[in-house]
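Following: one structure in structure tokens, then a few remarks.
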Amino acid sequence: MFKKGIFVLAALMCAVSAFAGNDKNSIQMKGSDTMVNLCQSWAEKYMEKDPQAFIAVTGGGSGTGLSSLISGTCDIAASSRNIKDKEIALAKQKGINPYEIKVALDGLAVVVNPQNPVSKLTLDQLAGIFTGKISNWKEVGGKDQKIVILSREVNSGTHVYFKEHVLRKNNPEGREEFAPQALLLSSSQAIADEVAGNPSAIGYYGMGYISDKQKAIAVAGKEGAEYVSPTIDNVLSGKYPISRPLFFYTNGEPQGLVKKFIDYDLSKEGQDIVIKTDFVPVKK
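Take the sequence shown: its letters are residues 15 to 298, numbered as in the working numbering.
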């Protein structure tokens, strides 16, 4: 399994080149922690092909990446959610025109400790757990243990997606929130580590973070429906109910090195990297 973590490609860069567009041979990319290892792999392979190019990749969350794009301090924002209307409005005020490119797909895995006997849940049960209505594992066929809820922090696109599509069941008028006792963690890796060491914990993250130290739950869209595991084939087919696109955002249509890099990411070689890092290509 591909090792997870947030990578910074360079330890030190000239302060002048920290602003997008100041160096035509460099790209600053910021954003989604879910996507950071995928972006790192793309960057490394691209720089092997073009040694003159320099691509720096940092995480921090989708909101952080989009804020950096809006402030002009990155060339590409990696985001695991769509840009919000208020972000578009703020960008336009600052002369930034966010341009969206879908670069991969992802299934959000719900994970528990391998010692937990629970292996399948419905979306309703998940909503009950993460809102705090279901507080003990015995209520869903597990042991008599209090459920420890783990979530990404609010700036995370993964957090936003899970809230809108699981807690609120795609209802734009929904007001459901994560339970007050939910532990908000700063990265997908932090959730993976906590689940690995806590038999009572449940969390979620992009399926590229699954390892044998966690157990992915099979999810059914409703009671009586098929329970489906988070796999590439199930995401591509649409069978897995917690799936999402992954995006790059640029200021206007990509130009120059940024365009060449994104074209590479969308090529067959680039999409093969998507598969190797346990995500799903935009087309098979």
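Built from N, CA and C at the ideal position, the CB exists for glycine as well.
This structure is a prediction, so every number in the text was calculated from the model and none was measured.
Under the criterion of beta carbons closer than 8 Å, residue 293 and residue 119 qualify as touching, at roughly 7 Å. The stretch 159 to 232 contains, as complete beta strand (DSSP E) runs of 3+ residues, the segments 162 to 166, 197 to 199, 215 to 220 (chain order).
DSSP lists 264 as the beta-bridge partner residues of residue 113. Contact check for residue 125 and residue 217: beta-carbon distance about 6 Å, within the 8 Å limit, so the pair qualifies. Residue 165 has its alpha-carbon roughly 18 Å from the corresponding atom of residue 225. Between residue 219 and residue 87, the C-beta gap is not smaller than 8 Å, which leaves the two residues out of contact. Per DSSP, the unbroken alpha helix (DSSP H) holding residue 246 starts and ends at 246 to 251. Judged by DSSP secondary structure, residue 59 falls within the alpha helix (DSSP H) whose first and last residues are 50 to 63.
Across the structure, residue 149 and residue 192 are spaced so that their CA atoms are roughly 13 Å apart.
In the three-state reduction of the DSSP assignment, residue 257 falls in the strand class, which pools E and B.
Looking at 93, 168, 105, 214, the one whose alpha-carbon comes closest to that of residue 200 is 168. Per the coordinates, the alpha-carbon of residue 185 lies some 19 Å from the alpha-carbon of residue 259.
Per the C-alpha coordinates, the member of 137, 170, 133 positioned closest to residue 152 is 133. In the pairwise beta carbon analysis, the stretch 241 to 253 is classified as not touching the stretch 168 to 183: fewer than three pairs are separated by under 8 Å. Per DSSP, residue 133 lies in no alpha helix (DSSP H) segment and is marked neither H nor E. Distance between residue 229 and residue 76, taken at the CA atoms: about 26 Å. A distance below 6 Å between beta-carbons, with the five flanking residues on each side excluded, links residue 57 to the following residues of its chain, in chain order: 69, 71.
Inclusion of residue 41 and residue 261 in the CB contact set at 8 Å is not warranted, their separation being larger than that value.
Cβ neighbours of residue 257 within its own chain (closer than 6 Å, five residues either side excluded): 121, 249.
Annotation for residue 139: 154 place their beta carbon closer than 6 Å to its own, counting only its chain and skipping 5 residues before and after.
Here residue 136 is not near residue 190, since their CB atoms are 8 Å or more apart. Inclusion of residue 101 and residue 90 in the CB contact set at 8 Å is not warranted, their separation being larger than that value. Inter-residue distance for residue 207 and residue 274 is about 36 Å (C-alpha atoms, whole angstroms).
If you look at residue 70, you'll find it in the beta strand (DSSP E) that goes 68 to 74. With 16 or more neighbouring CB atoms inside 10 Å of its own CB, residue 203 falls in the buried class. Under the DSSP assignment, residue 276 falls in the alpha helix (DSSP H) whose first and last residues are 270 to 280.
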